[in-house]
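Here is the structure we will look at.
Number of protein chains: 2
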Amino acid sequence: MAIIECIPNISEGRRREVLDACAAAIQGAGARLLDVKPDATHHRTVFSYAGSAAEVKAATLALFDQALATIDLREHSGEHPRLGAVDVVPFVPIEGATMADCVALATEVAAEVAARHGLPIYLYEEAASSPARRNLEDIRRGEFEGLAAKIATPGWAPDFGPATAHVSAGASVVGARMPLIAYNINLATDRLDVAKKIANAVRHSSGGFRYVKAMGLALEDRGIVQVSMNLTNYEKTPIFRVFETVKREAARYGVSVLESEIIGLVPSAALTRSAAWFLQVSDFTDAQVLENALRNSQ
Amino acid sequence: MAIIECIPNISEGRRREVLDACAAAIQGAGARLLDVKPDATHHRTVFSYAGSAAEVKAATLALFDQALATIDLREHSGEHPRLGAVDVVPFVPIEGATMADCVALATEVAAEVAARHGLPIYLYEEAASSPARRNLEDIRRGEFEGLAAKIATPGWAPDFGPATAHVSAGASVVGARMPLIAYNINLATDRLDVAKKIANAVRHSSGGFRYVKAMGLALEDRGIVQVSMNLTNYEKTPIFRVFETVKREAARYGVSVLESEIIGLVPSAALTRSAAWFLQVSDFTDAQVLENALRNSQ
Numbered sequence: 003m004a005i006i007e008c009i010p011n012i013s014e015g016r017r018r019e020v021l022d023a024c025a026a027a028i029q030g031a032g033a034r035l036l037d038v039k040p041d042a043t044h045h046r047t048v049f050s051y052a053g054s055a056a057e058v059k060a061a062t063l064a065l066f067d068q069a070l071a072t073i074d075l076r077e078h079s080g081e082h083p084r085l086g087a088v089d090v091v092p093f094v095p096i097e098g099a100t101m102a103d104c105v106a107l108a109t110e111v112a113a114e115v116a117a118r119h120g121l122p123i124y125l126y127e128e129a130a131s132s133p134a135r136r137n138l139e140d141i142r143r144g145e146f147e148g149l150a151a152k153i154a155t156p157g158w159a160p161d162f163g164p165a166t167a168h169v170s171a172g173a174s175v176v177g178a179r180m181p182l183i184a185y186n187i188n189l190a191t192d193r194l195d196v197a198k199k200i201a202n203a204v205r206h207s208s209g210g211f212r213y214v215k216a217m218g219l220a221l222e223d224r225g226i227v228q229v230s231m232n233l234t235n236y237e238k239t240p241i242f243r244v245f246e247t248v249k250r251e252a253a254r255y256g257v258s259v260l261e262s263e264i265i266g267l268v269p270s271a272a273l274t275r276s277a278a279w280f281l282q283v284s285d286f287t288d289a290q291v292l293e294n295a296l297r298n299s300q
Numbered sequence: 003m004a005i006i007e008c009i010p011n012i013s014e015g016r017r018r019e020v021l022d023a024c025a026a027a028i029q030g031a032g033a034r035l036l037d038v039k040p041d042a043t044h045h046r047t048v049f050s051y052a053g054s055a056a057e058v059k060a061a062t063l064a065l066f067d068q069a070l071a072t073i074d075l076r077e078h079s080g081e082h083p084r085l086g087a088v089d090v091v092p093f094v095p096i097e098g099a100t101m102a103d104c105v106a107l108a109t110e111v112a113a114e115v116a117a118r119h120g121l122p123i124y125l126y127e128e129a130a131s132s133p134a135r136r137n138l139e140d141i142r143r144g145e146f147e148g149l150a151a152k153i154a155t156p157g158w159a160p161d162f163g164p165a166t167a168h169v170s171a172g173a174s175v176v177g178a179r180m181p182l183i184a185y186n187i188n189l190a191t192d193r194l195d196v197a198k199k200i201a202n203a204v205r206h207s208s209g210g211f212r213y214v215k216a217m218g219l220a221l222e223d224r225g226i227v228q229v230s231m232n233l234t235n236y237e238k239t240p241i242f243r244v245f246e247t248v249k250r251e252a253a254r255y256g257v258s259v260l261e262s263e264i265i266g267l268v269p270s271a272a273l274t275r276s277a278a279w280f281l282q283v284s285d286f287t288d289a290q291v292l293e294n295a296l297r298n299s300q
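Each protein sequence line maps, in turn, to chains R and X.
Under my numbering, the residue at position 247 of the first sequence is numbered 249, and the numbers go up by one with no gaps.
Under my numbering, the residue at position 72 of the second sequence is numbered 74, and the numbers go up by one with no gaps.
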């Protein structure tokens with residue numbers, strides 16, 4: 003059976019009962035819940051679940067029902083930019099599924115959610131209806147607070163649903179993409195300018211690596227700063243290269259890397275290949291990983 | 003079904019037709035052949051295969067038949083110490099199998115091979131009949147050439163088979179152990195003394211890490227030297243710590259690490275945890291690896 007993963011981000015990272023209800027809705031629909039990662043500072047939670055297209059679709063519809071009933075963006079603030087109560091919903095091909103399967107699933111879910119909730123929906127990445135809508139950042143620019151104006155602007159009518167912002171839930175961005183690694187590097191300093199300069203140096207949009215999105219944030223409660231990143235293709239822009247570059251850029255300002263964080267799940271190959279690089283292993287192949295060899299020989 | 007892996011080392015690393023026949027014998031017996039790693043310098047090959055206890059037993063008996071018919075240690079020389087044509091045969095618990103299962107399997111195979119071929123067999127590691135026989139190095143000391151004298155020494159009668167060396171096949175060492183990583187670090191120098199000093203520094207027997215066996219070797223054909231290691235417990239003595247220590251010791255002699263090699267298979271966790279260490283990932287757990295999350299949720 004083809005397996006598809008869905009990794010929605012919702013704009014709630016503090017109320018445990020809301021997150022529990024969302025998790026129950028996902029599981030009740032038959033999907034396998036893989037991970038729940040709440041972030042109180044960002045006031046945002048990443049869910050991850052997987053299953054057949056039908057299971058993942060049912061789980062996603064149930065999640066929208068639950069989240070829209072309990073989240074009101076008019077009362078929401080957090081470090082992370084957001085456009086909707088259910089902010090971003092990417093579908094990712096895992097085992098035996100194609101990108102075309104995920105694009106079809108994203109389109110179906112978008113149509114059904116828009117009809118059910120009167121919610122404007124933008125399709126993004128591989129499911130985008132035009133090149134101008136591929137990038138999440140372009141769609142999200144202006145955030146919830148700027149949505150009413152933006153959605154009325156020529157070229158920014160949603161792909162599904164009304165061309166007016168939902169009063170409490172804003173709009174949602176639904177799409178299909180390759181596996182992504184949510185990767186943050188925390189710096190042993192409170193100098194926000196350093197985090198912003200490093201984000202600027204490594205991200206694609208300002209001249210950095212092709213498959214890196216990055217921003218500099220303050221983690222006020224800890225008195226440190228963070229380079230918050232999405233690595234959108236770990237095969238072509240590997241995690242170790244991004245880490246080493248951030249570390250070197252930080253050193254130029256006399257700043258050390260305190261630690262890094264992997265948010266949610268990470269494909270095994272992204273880490274095993276990083277280990278092989280750090281350990282200078284020559285001629286390493288994924289087939290040398292015992293679990294891969296067992297799977298391939300079955 | 004419980005899965006057991008077997009990783010025998012045979013004293014043949016050059017004749018392709020012999021290795022092909024051994025591989026065919028293993029597969030013909032129903033085991034899944036995971037890897038074949040010949041080493042011409044060591045004149046030695048590591049096979050890896052897995053399956054149920056019955057499949058792995060049948061494959062191992064077939065391998066002994068094939069290897070003993072085609073390998074004559076009287077004509078064998080190589081860099082690596084060896085006692086027999088089939089030198090070492092460890093059984094390792096993988097999925098759903100216990101160490102006790104592997105000890106039982108090792109004992110059965112040893113009895114049957116000894117009876118069928120008139121071959122002396124020593125049991126080692128977890129299957130050892132006494133503490134003096136736990137360590138492979140102690141059993142193998144003196145090698146094939148010294149076996150006739152050693153086997154007649156009090157305390158060195160084999161666990162199965164005659165107390166006389168097999169004329170062409172010597173003796174074999176059969177046992178059970180935890181997964182082991184065969185890990186070599188090549189140094190950018192031809193100074194054998196440096197490789198030997200570093201091996202001495204990191205191995206348990208001379209004061210180094212608890213779960214490291216190591217020796218310094220010359221790779222004559224490449225004009226470099228190698229610290230050749232077995233890491234016998236990657237959870238307690240992790241690969242990254244060994245690599246960093248070897249690198250630091252080499253630097254003290256003005257020598258660089260050229261590259262490292264993982265021979266055969268490596269458990270995923272040994273590499274993903276190494277990546278997490280190098281990348282300074284805080285709060286990393288094995289459950290964050292996507293493939294583990296999928297397996298655990300099934």
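C-beta atoms are modelled at their ideal positions from N, C-alpha and C, and glycine is treated no differently.
| query | result |
| --- | --- |
| Can you look up residue 292(X) in the DSSP assignment and give me helix, strand or coil? | helix |
| Using only alpha-carbon positions, find the residue among 118(X), 26(X) and 170(X) that is nearest to residue 36(X). | 26(X) |
| By how many angstroms is the C-alpha of residue 236(R) removed from the C-alpha of residue 131(X)? | 49 Å |
| DSSP beta-bridge partners for residue 268(R)? | 291(X) |
| Hey, does residue 304(R) have any beta-carbon neighbour from chain X nearer than 8 Å? | Any question about residue 304(R) goes unanswered here, given that chain R covers just 3 to 300. |
| Going by C-alpha distance, which of 134(R), 58(R) and 95(R) is nearest residue 111(R)? | 58(R) |
| Show which residues of chain X have a CB atom less than 8 Å away from the CB atom of residue 293(R). | 269, 270 and 293 |
| Pick helix, strand or coil for residue 202(X), following the three-state DSSP scheme. | helix |
| By DSSP's criteria, residue 34(X) is part of a beta bridge. Which residues make up the other side? | 52(X) |
| Roughly how many angstroms separate the alpha carbons of residue 280(X) and residue 279(R), rounded to a whole number? | 10 Å |
| Can you find the residues in the same chain that come closer than 7 Å, C-beta to C-beta, to residue 149(X), ignoring five residues on each side of it along the sequence? | 85, 167, 172 and 173 |
| Let's test the definition: count the other Cβ atoms within 10 Å of the Cβ of residue 238(X) and tell me whether it reaches 16, buried, or not, exposed. | exposed |
| Under 8 Å, do residue 66(X) and residue 115(X) count as touching if we go by C-beta distance? | yes |
| If you drop the 5 nearest sequence neighbours on each side, which residues of the same chain put their C-beta closer than 8 Å to that of residue 160(R)? | 116, 122, 123, 124, 153 and 173 |
| Apart from the five residues just before and just after residue 177(X), which ones in its own chain have a Cβ nearer than 7 Å to its Cβ? | 92, 108, 125, 126, 127, 128, 129 and 130 |
| Is the distance from the Cβ of residue 283(X) to the Cβ of residue 263(R) below 8 Å? | yes |
| Identify which residue in 184(R), 100(R), 10(R) and 41(R) has its Cα closest to the Cα of residue 16(R). | 41(R) |
| Grab the span of the alpha helix (DSSP H) containing residue 246(R) for me, first residue to last. | 241-254 |
| Specify the secondary structure class of residue 68(R) as computed by DSSP and reduced to three states. | helix |
| Counting only runs of 4+ residues fully inside the segment 140-224 of chain R, write out the alpha helix (DSSP H) ranges in chain order. | 145-153 and 194-204 |
| Is residue 274(X) close to chain R, meaning its C-beta is less than 8 Å from at least one C-beta of that chain? | yes |
| Does residue 196(R) come within less than 8 Å of chain X when only Cβ atoms are used? | no |
| Excluding the 5 residues preceding and the 5 following residue 12(R) in the sequence, name in chain order all residues of the same chain whose CB lies nearer than 6 Å to its CB. | 47, 69 and 88 |
| Among residues of its own chain, excluding the 5 on either side of residue 260(R), which ones have a beta-carbon nearer than 8 Å to its beta-carbon? | 188, 189, 190 and 226 |
| How about residue 74(X): is its C-beta nearer than 8 Å to some C-beta of chain R? | no |
| Could you have a look at residue 28(X) and say whether DSSP puts it in helix, strand or coil? | helix |
| Under a CB-based cut-off of 8 Å, is residue 245(X) close to chain R? | yes |
| Taking contact to mean 3 or more Cβ pairs, one atom from each stretch, closer than 8 Å, check whether the segment 243-261 of chain R and the segment 204-215 of chain R are in contact. | yes |
| Taking a cut of 9 Å between CB atoms, which residues from the segment 36-51 of chain X lie near chain R? | 36, 37, 50 and 51 |
| How would you call residue 186(X), buried or exposed, if buried means at least 16 neighbouring beta carbons within 10 angstroms? | buried |
| Does residue 263(R) get closer than 8 Å to chain C when you measure Cβ to Cβ? | The structure shown has no chain C; the protein chains it does contain are R and X. |
| Extract the residue ranges of the beta strand (DSSP E) inside the segment 83-118 of chain X, only unbroken runs of 3 or more that lie entirely within it. | 88-97 |
| Using a Cβ-Cβ cut-off of 8 Å, state whether residue 282(R) counts as contacting chain X. | yes |
| Would you mind reading off the limits of the beta strand (DSSP E) that contains residue 232(X)? | 226-233 |
| Is it buried or exposed for residue 118(R), if we count other Cβ within 10 angstroms and need 16 for buried? | exposed |
| What residues match up with residue 11(R) in a beta bridge as DSSP calls it? | 48(R) and 90(R) |
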